[in-house]
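The numbering of the sequence shown is this note's numbering, which starts it at -18 and goes up by one.
Backbone N, C-alpha and C define an ideal beta-carbon position, used for all residues, glycine too.
In this text the structure is predicted, and so the values were computed from the model without any measurement.
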Amino acid sequence: MKNIIPCLLIAGLLSACSKKKDAGPDNAPDEKMVSRLMYDADTLQVIYHADGSVKQFKQYGQNQGFTPDSTQVLYENGNIARFRIWAMGELRDDRSFQYNGERQLVKINYYNMVSPTELAVTDKDSIVYKQGKAAELHVINGTIRNEVYKLAWEKDNVSEVGHFLVIGGEEVLYRSTKLTYNDKAALHRSFPTYLLFLLSNTSRDFTALSANTPLKEETSEHPGPTPVEQVTYEYVYNDKGELEKIKTKTETLPGGQTDIVNTGIAYIPVQ
-18 MKNIIPCLLI AGLLSACSKK KDAGPDNAPD EKMVSRLMYD ADTLQVIYHA
32 DGSVKQFKQY GQNQGFTPDS TQVLYENGNI ARFRIWAMGE LRDDRSFQYN
82 GERQLVKINY YNMVSPTELA VTDKDSIVYK QGKAAELHVI NGTIRNEVYK
132 LAWEKDNVSE VGHFLVIGGE EVLYRSTKLT YNDKAALHRS FPTYLLFLLS
182 NTSRDFTALS ANTPLKEETS EHPGPTPVEQ VTYEYVYNDK GELEKIKTKT
232 ETLPGGQTDI VNTGIAYIPV Q
């Protein structure tokens, strides 16, 4: 889906999409789940199954020439199994996912048309775990390993990401990003495990694996230590504690271009 990455990170930060088992009819909390994420020029709609799990995402645009987009989420054995999209007038696989015996995501398969009639896996991501946490993500295009992302953790948050290019079989550090968080829980864990990370995967949004809400990202290019890009997040909550707006500011340093994305959030009650 086009532009789905920031949308779904936001959805994760504010959604509570499952009922509490001990909530009786007289003391049931006023729980809500995200129905829409609204930008200046496009809107993302979240569609749910009756049990509260995510069924589909639809994206609509106001600008001339914008093509509506949607992604279906399919499950197997309680895991997210694949994403399906509409392409060339039919529904087809976009990505599929593999897990190990501990239900950890270990492989992402990307599908593309290799002929007018044949759909095949053309690219893969392979994930390596250490001490129970994702430690490396290897990007494989065709049969060639081209990139590696190496993660450092502080408690349950990804604190640093090293982006390496594979040149002549050697891993060469290209960029590193340091991340900071507040103490608010990243409620995206109310979604099925890995959902937001998978939907953001083409941009490698590793904050979608973290336990808390991101505040700032600082990216430096090797070998210089000076940051070349900074991303900051600001959050506005209503008097019920529901997130209403997010401001995401991306700055090219020093003194370069600044891009600001404002997002509004709409909710529906948990049924």
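So, is residue i buried or exposed, given that buried needs 16 or more other C-beta atoms within 10 angstroms?
i: L72; result: exposed
i: Y214; result: buried
i: S255; result: Examination of residue 255 is not possible in this model, given that the chain is present from -18 through 252 alone.
i: H119; result: buried
i: T207; result: exposed
i: L180; result: buried
i: I246; result: buried
i: A22; result: exposed
i: I(-15); result: Any reading at I(-15) needs caution, since the residue's pLDDT is 40, under 50, leaving its predicted position unreliable; the model's value is listed next. Classification of I(-15): buried, given that the 10 Å Cβ count is 16 or more.
With C-beta atoms as the reference, is residue i less than 8 Å away from residue j?
i: L160; j: E198; result: yes
i: I108; j: L86; result: yes
i: R65; j: D50; result: no
i: S60; j: Y80; result: At residue 60 the sequence reads Asn, which differs from the Ser that was named. Cβ distance < 8 Å, so N60 and Y80 count as in contact.
i: K36; j: V54; result: yes
i: V217; j: T229; result: no
i: L177; j: A166; result: no
i: A101; j: S77; result: no
i: N193; j: Y162; result: yes
i: E232; j: E210; result: yes
i: V139; j: S201; result: no
i: L132; j: V147; result: no
i: E256; j: K13; result: Only positions -18 to 252 of the chain appear in the structure, and residue 256 is not among them; the question remains open.
i: Y29; j: T244; result: no
i: G33; j: V251; result: yes
i: N90; j: K105; result: yes
Which residue comes first and which comes last in the beta strand (DSSP E) that contains residue i?
i: D104; result: 100 to 111
i: T207; result: Per DSSP, T207 belongs to no beta strand (DSSP E) and is neither H nor E.
i: V242; result: 239 to 250
i: V120; result: 114 to 122
i: E225; result: 224 to 233
How about residue i: is its C-beta nearer than 8 Å to some C-beta of chain D?
i: Y218; result: Here chain D cannot be found, since the structure has a single protein chain.
Within the stretch 132 to 205, note down every full beta strand (DSSP E) run reaching 3 residues or more, in order along the chain. 138 to 148, 151 to 166, 193 to 202
Please confirm if the stretch 27 to 46 is in contact with the stretch 148 to 167, defined as three or more CB-CB distances below 8 Å between the two stretches. no
Every unbroken beta strand (DSSP E) inside the stretch 7 to 57 [3 residues or more]: 13 to 19, 23 to 29, 35 to 42, 50 to 57
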